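Inspection log for the structure reproduced underneath, given as structure tokens.
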């Protein structure tokens with residue numbers, strides 16, 4: 001999870017705070033976090049029993065039909081192909097904190113860096129992501145501690161803040177000037193897709209399930225830690241932001257993508273700590289670079305998995321002598337060039353907002369499909385008289401958690417562009433970024449269904465045994481340092 005924490009949490013929360021207020025921001029992240037947790041426990045029960053290469057993309061074909069697997073796989077691949085340029089654009093604008101030069105050179109340098117990390121293979125990627133995650137975890141914990149110091153008046157020559165920003169300007173914002181409860185609720189709804197972007201990627205471990213050691217043990221262990229990580233990284237983080245920065249602070253409207261638009265840095269600047277913004281910006285830059293690297297890795301492996309299942313051109317399945325799916329990696333690298341759209345713009349954050357909107361929609365579609373797959377998994381097991389005690393991990397509150405999450409994600413997808421209906425707020429670009437993938441997903445499914453001439457699997461036809469690893473246990477490595485064990489618990 002540490003590998004996918006990026007600009008959505010560190011920078012995107014500034015605009016979210018100004019749109020919804022401190023309580024609206026907290027509730028939006030808490031709601032999406034609860035839905036994500038419900039999705040992850042559903043995924044954990046399936047993957048711990050069927051740790052298939054390709055994760056939930058392969059499960060979609062196994063539990064529904066091959067056409068659904070194709071639609072889910074290409075949606076997921078497209079999502080991560082866009083994460084790469086989104087994070088590269090964000091990283092380049094972070095560098096502009098120190099320099100006003102055209103960001104094209106910075107984008108090119110970061111583009112090459114991310115490419116080299118992925119060309120080095122899984123071992124290089126994994127080791128670097130481990131240390132990137134360590135930096136991000138230290139940054140988050142440090143910012144949370146600093147937030148406590150700031151809000152309690154621990155910085156010299158400052159007064160305690162407490163909950164004063166919750167009283168004035170208030171816990172909610174009247175979104176777009178809409179009065180009353182409707183305006184407050186509208187702000188909360190408007191932040192939900194932005195919160196979703198911050199969570200995008202939590203499901204990545206399922207993609208590597210086929211390579212995991214002792215999946216029947218390691219995956220349930222990882223799933224149980226999800227609620228703790230969501231609480232620490234996202235809920236505590238957004239709560240702290242609402243305490244230390246007023247929702248009407250003019251600095252939140254900068255929207256320039258640099259650290260100066262981060263609510264944490266706004267608070268640091270307000271209390272006069274001059275040295276920290278550059279340090280925090282460097283940490284944010286590391287976070288964006290790491291998230292971009294994760295985006296390229298995930299997109300390439302998804303394309304590779306699609307090709308293996310005959311859902312993508314076979315060229316994507318080509319490997320070099322080191323086992324690297326080089327064609328899939330290079331395809332992702334090409335998509336990274338979309339980041340250069342921000343190079344000639346005075347408002348590069350607009351490009352980042354477009355790409356992040358696409359990514360949040362792709363994430364929501366993927367999560368909804370995971371929940372739908374679990375519902376099929378649950379009822380297929382019941383139809384075949386397979387007790388859930390047979391599975392290595394039994395998710396709590398099922399199947400209700402999966403149903404609630406499916407309805408929740410679907411609702412967010414439908415209402416995310418509600419503000420476009422308000423007079424004077426129509427934007428063709430916003431409509432496309434928020435609804436294009438929502439329309440393309442069912443069209444891709446129907447087209448694949450017609451092309452492959454397949455039918456939805458009967459519940460009695462679902463295969464619960466091919467690829468199961470209940471009895472394939474490999475000794476876990478020993479001798480891991482305390483530092484690595486502690487970091488693993490967090491990241």
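Residue numbers (UniProt numbering): 1 to 491.
Ideal placement from N, C-alpha and C gives every residue a C-beta, glycine not left out.
Model, not experiment: these values are computed from the prediction.
When DSSP assignments are scanned along the segment 413 to 464, the uninterrupted stretches of alpha helix (DSSP H) that are 4 or more residues long and fall wholly within it turn out to be 428 to 452. Taken atom to atom, the span from the alpha-carbon of residue 332 to that of residue 83 is near 10 Å. Residue 131 counts as exposed, since fewer than 16 other beta carbons sit within 10 angstroms of its beta carbon. Two segments are said to touch when three or more pairs of C-beta atoms, one from each, lie closer than 8 Å; by this definition the segment 265 to 273 touches the segment 147 to 164.
The alpha-carbon separation between residue 76 and residue 223 amounts to approximately 21 Å.
Residue state for residue 163 is assigned as coil, using DSSP reduced to three classes. The beta carbon of residue 404 lies closer than 7 Å to those of 38 in the same chain, with the five residues before and after it left out. Judged by their CB atoms, residue 140 and residue 244 are not nearer to each other than the 8 Å cut-off. If you draw a straight line from the Cα of residue 9 to the Cα of residue 166, it is about 20 Å long. Secondary structure of residue 52 (DSSP, three-state): coil.
The three-state reading of DSSP puts residue 18 in helix, counting H, G and I together.
Approximately 22 Å separates the beta-carbon atoms of residue 373 and residue 197; this is outside 8 Å, ruling out the contact. Residue 294 has its alpha-carbon roughly 18 Å from the corresponding atom of residue 11. Between the beta-carbon of residue 376 and that of residue 72 there is about 12 Å, and that puts the pair past the 8 Å contact cut. Here the segment 172 to 181 makes no contact with the segment 292 to 306; the two share fewer than three CB pairs at distances below 8 Å. Annotated three-state conformation of residue 217 is helix, per DSSP. Across the structure, residue 313 and residue 203 are spaced so that their CA atoms are roughly 25 Å apart. Between the alpha carbons of residue 193 and residue 362 lies a distance of about 11 Å.
In this structure, residue 340 sits away from residue 28, with a CB-CB distance that is not shorter than 8 Å. Within the model, the alpha-carbon separation for residue 284 versus residue 234 is close to 16 Å. By the neighbour-count criterion, in which 16 or more other beta carbons inside 10 Å mark a residue as buried, residue 393 falls on the buried side. In chain order, 169 place their CB closer than 6 Å to the CB of residue 248, counting only its own chain and leaving out the 5 sequence neighbours on each side. Judged by DSSP secondary structure, residue 278 falls within the alpha helix (DSSP H) whose first and last residues are 276 to 308. For the pair residue 201 and residue 144, the Cα-to-Cα distance works out to about 22 Å. The distance from the Cβ of residue 47 to that of residue 54 is about 11 Å, inconsistent with a contact at the 8 Å cut-off. In this structure, the straight-line span from the alpha carbon of residue 16 to that of residue 236 is close to 15 Å. Residue 304 counts as buried, since no fewer than 16 other beta carbons sit within 10 angstroms of its beta carbon.
In the three-state reduction of the DSSP assignment, residue 127 falls in the helix class, which pools H, G and I. Burial is judged here by how many other beta carbons sit within 10 angstroms of a residue's own beta carbon; residue 387 has fewer than 16 and is exposed. For residue 383, the closest alpha carbon among the candidates 98, 463, 92 is that of 463. Annotation for residue 77: the continuous alpha helix (DSSP H) segment containing it runs 66 to 95. Here the C-alpha atom of residue 290 lies approximately 13 Å from the C-alpha atom of residue 112.
In the three-state reduction of the DSSP assignment, residue 381 falls in the helix class, which pools H, G and I. It is roughly 8 Å from the alpha-carbon of residue 136 to the alpha-carbon of residue 286.
A straight-line Cα-Cα distance of about 10 Å links residue 18 and residue 191.
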